[in-house]
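For reference, the structure is listed below as structure tokens.
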Amino acid sequence: MNGAVKAANKYIKKIFRKMVDNYKQWHEKLPFALLGYRTTVRTSTVATPDLLVYGTEAVIPVESHYEQLALIDGKRMNAICHGQLYQNRMARAFNKKVRPRQFTPGQLALKRIFPHQDEAKAKFSPKCQGPYMVH
22 MNGAVKAANK YIKKIFRKMV DNYKQWHEKL PFALLGYRTT VRTSTVATPD
72 LLVYGTEAVI PVESHYEQLA LIDGKRMNAI CHGQLYQNRM ARAFNKKVRP
122 RQFTPGQLAL KRIFPHQDEA KAKFSPKCQG PYMVH
């Protein structure tokens with residue numbers, strides 16, 4: 022879930038960059054940035070966050086009337102189906118690029134340093150350790 026929060030924050034920062042000239046006025050533009058974020062259709066679900074949470078589209082202050090296009094359950098099921106299709110597409114795209122690796126004894130290999138390890142804390146630290154001998 023932390024990855025979803027980071028992705029949302031990144032998207033909101035992107036909206037802020039387009040709206041705010043001076044970093045000191047960001048708090049004045051926050052409601053508008055959140056409205057834009059909540060009313061934008063997501064590619065993965067083909068629905069807006071407001072629709073999935075509240076079952077209806079957000080009423081933008083300019084609009085006085087808004088027709089509801091479908092029932093809440095139908096929209097949520099549609100979003101679930103699109104989410105699963107999106108996941109399958111992403112998995113296929115990822116699996117196209119993954120190469121299975123077979124290591125043989127005596128071969129030299131590098132060990133990747135993951136971001137949560139202590140060795141990766143520095144900004145310009147190396148991404149791999151080694152080489153190590155495969156046994």
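The sequence shown begins at 22 in our numbering and counts up one residue at a time.
Backbone N, C-alpha and C define an ideal beta-carbon position, used for all residues, glycine too.
Item	Value
How far does the beta strand (DSSP E) with P152 in it extend, from its first residue to its last?	C149 to M154
Taking the C-alpha atoms as reference points, what is the distance between T64 and M111?	12 Å
Could you please give the first and the last residue of the uninterrupted beta strand (DSSP E) stretch that includes A130?	L129 to R133
Would you say the beta carbon of R97 is closer than 8 Å to some non-hydrogen atom of the ligand NAP?	Inclusion of the ligand NAP in the displayed structure is not the case, the ligand content being empty and no account of it being possible.
Drop a sphere of 10 angstroms on the beta-carbon of A54, count the other beta-carbons inside from all chains shown, and report buried for 16 or more, exposed for fewer.	buried
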